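Numbering (my numbering), first residue to last: 32 to 135. Note that beta-carbon positions come from the ideal geometry of N, C-alpha and C, so glycine has one too. It should be emphasised that the depicted structure is a prediction, and the values quoted were computed from it without experimental measurement. In what follows, a single structure is set out as structure tokens and then discussed.
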């Protein structure tokens, strides 16, 4: 029988906790990776499809330096959460095709 060995690795739990707390703030600016994790999609799908959908919050792009290069898109957590709530409400409100009712 094989025995399992564990390799001790250094892990900074304080830094992880800080990063999680920062992303949970209502005014946090989320990356495409963060939004993807919230919605269950890859970051590329967020950037190329979801972010271009009508009604999705406009991305915030900050200037990085004097040459005008801009950062990757970011979205406010509250804006994304609002969009999700609205999007779900619209989906529920849509009527589907009528179903046959069985009368007994």
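Secondary structure at residue 93, three-state DSSP: helix, strand or coil? Locating residue 93 in the chain shown gives position 62, where the first residue counts as 1. Three-state result, residue 93: coil.
Hey, how far is the Cα of residue 122 from the Cα of residue 110? On the chain shown, residue 122 is found 91 positions in, with the first residue counted as 1. On the chain shown, residue 110 is found 79 positions in, with the first residue counted as 1. When rounded, the distance between both Cα atoms is 18 Å.
Could you tell me if residue 61 is buried or exposed, where buried requires 16 or more neighbouring beta carbons within 10 angstroms of its beta carbon? Along the chain shown, one-based indexing puts residue 61 at 30. Buried, since its Cβ has 16 or more Cβ neighbours within 10 Å.
Taking the continuous alpha helix (DSSP H) assigned at residue 70, which residues delimit it? Here residue 70 is taken as the residue at index 39 of the chain shown, counted from 1. Where residue 70 is concerned, the enclosing alpha helix (DSSP H) stretches over 63-70.
Could you work out which residue in 114, 107, 113 is closest to residue 53 when comparing CA atoms only? Position 22 of the chain shown holds residue 53. Taking only the C-alpha atoms, the option nearest residue 53 is 107.
Under 9 Å between the Cβ atoms of residue 143 and residue 117? Examination of residue 143 is not possible in this model, given that the chain is present from 32 through 135 alone.
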